[in-house]
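Undergrad:
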Amino acid sequence: MYATERGLWKSGLSLICGVDEAGRGPLAGPVVAGAVIFPTGFTGLPVNDCKLLTAEKRQELFGLIFEKALDVSTGAASHTEIDEFNIHHASFLAMHRAIEKLKIMPEIVLVDGKFEIPKLTFPQKAIVKGDRLSASVAAASIVAKVTRDRMMQELDEQYPGWNLAQNKGYPTPEHKVLVVEKGISEIHRRTFCDHITAPTLFTK
Numbered sequence: 013m014y015a016t017e018r019g020l021w022k023s024g025l026s027l028i029c030g031v032d033e034a035g036r037g038p039l040a041g042p043v044v045a046g047a048v049i050f051p052t053g054f055t056g057l058p059v060n061d062c063k064l065l066t067a068e069k070r071q072e073l074f075g076l077i078f079e080k081a082l083d084v085s086t087g088a089a090s091h092t093e094i095d096e097f098n099i100h101h102a103s104f105l106a107m108h109r110a111i112e113k114l115k116i117m118p119e120i121v122l123v124d125g126k127f128e129i130p131k132l133t134f135p136q137k138a139i140v141k142g143d144r145l146s147a148s149v150a151a152a153s154i155v156a157k158v159t160r161d162r163m164m165q166e167l168d169e170q171y172p173g174w175n176l177a178q179n180k181g182y183p184t185p186e187h188k189v190l191v192v193e194k195g196i197s198e199i200h201r202r203t204f205c206d207h208i209t210a211p212t213l214f215t216k
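Each residue of the sequence shown is one higher than the one before, starting from 13 at the first, in my numbering.
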């Protein structure tokens, strides 16, 4: 998992920032990005793609990442920004915000996925399945996921009735039924819910 970082450290780079997001697919809530910079040579955490970890393991690693990393930050793009700009561009917006909040400026940014972050002023490299190939990116995925999950638990208290604390806004069968029955809340993504709430040819 640290092979990517080792190669960059060996090349002379020391401040390597991993960036990843959580919340591209949900019907409700923000998309959240995490940014993590580990100390040069650090290989002391068994991080992995957050989707491969249990919720309990993510929580454990979340605290350890903040303890061991040189710098950690998060950024978010709201449901309204997702509707306005689309999820692809909103994800980049969240990543920009996470990187801008770093106290330490990175020498290179590793981005999970096929695309580099537009208009980023730092050198960067997009890595497909980066959250399984780079420890920094994997750590960022954990930070983003845990942060977003906690946000959704808080939003569930403000907008009860859609079970957001449990489904985290994702399109579970139960959540889609609730959207049909109750409509959408203020923090649902309208562009994601239109196909669920729109009448069909078979509606009587």
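C-beta: ideal position from N, C-alpha, C; glycine also.
Using a Cβ-Cβ cut-off of 8 Å (strictly less than) and excluding sequence neighbours within five positions of Phe97, which residues of its own chain qualify?
TA: Answer for Phe97: Ala89, Leu105, listed in chain order.
Undergrad: What number of angstroms, rounded off, separates the C-alpha of Thr203 from the C-alpha of Lys180?
TA: Whole-angstrom Cα-Cα distance: 17 Å.
Undergrad: Under the rule that 16 or more other beta-carbon atoms within 10 Å means buried, what is Ser103, buried or exposed?
TA: Ser103 is buried by the Cβ-count criterion.
Undergrad: Helix, strand or coil, according to DSSP, for Glu128 in the structure here?
TA: In the structure shown, Glu128 sits in coil (DSSP, three-state: anything other than H, G, I, E or B).
Undergrad: Helix, strand or coil for Arg201? Go by DSSP, reduced to three states.
TA: Of the three classes helix, strand and coil, the one that applies to Arg201 here is coil, per DSSP.
Undergrad: Identify whether Lys115 lies in helix, strand or coil by the three-state DSSP scheme.
TA: In this structure, Lys115 counts as coil in the three-state DSSP scheme.
Undergrad: Val140 to Glu198, Cα distance in whole Å?
TA: Their Cα atoms are separated by approximately 34 Å.
Undergrad: Give the single residue among Arg18, Leu57, Lys137, Leu73 whose Cα lies nearest to the Cα of Lys157.
TA: Lys157 has its Cα closest to that of Leu73, out of Arg18, Leu57, Lys137, Leu73.
Undergrad: Tell me the rounded alpha-carbon separation between Ala34 and Leu25.
TA: One C-alpha to the other measures close to 27 Å.
Undergrad: Considering only residues of the region 141 to 180, which uninterrupted alpha helix (DSSP H) runs meet the minimum length of 4 residues and lie entirely inside it, listed in chain order?
TA: Runs found: 147 to 170, 176 to 179.
Undergrad: If you compare alpha carbons, which of Tyr14, Met13, Ala15, Trp21 is closest to Pro118?
TA: If we check each option's Cα against that of Pro118, Trp21 comes out closest.
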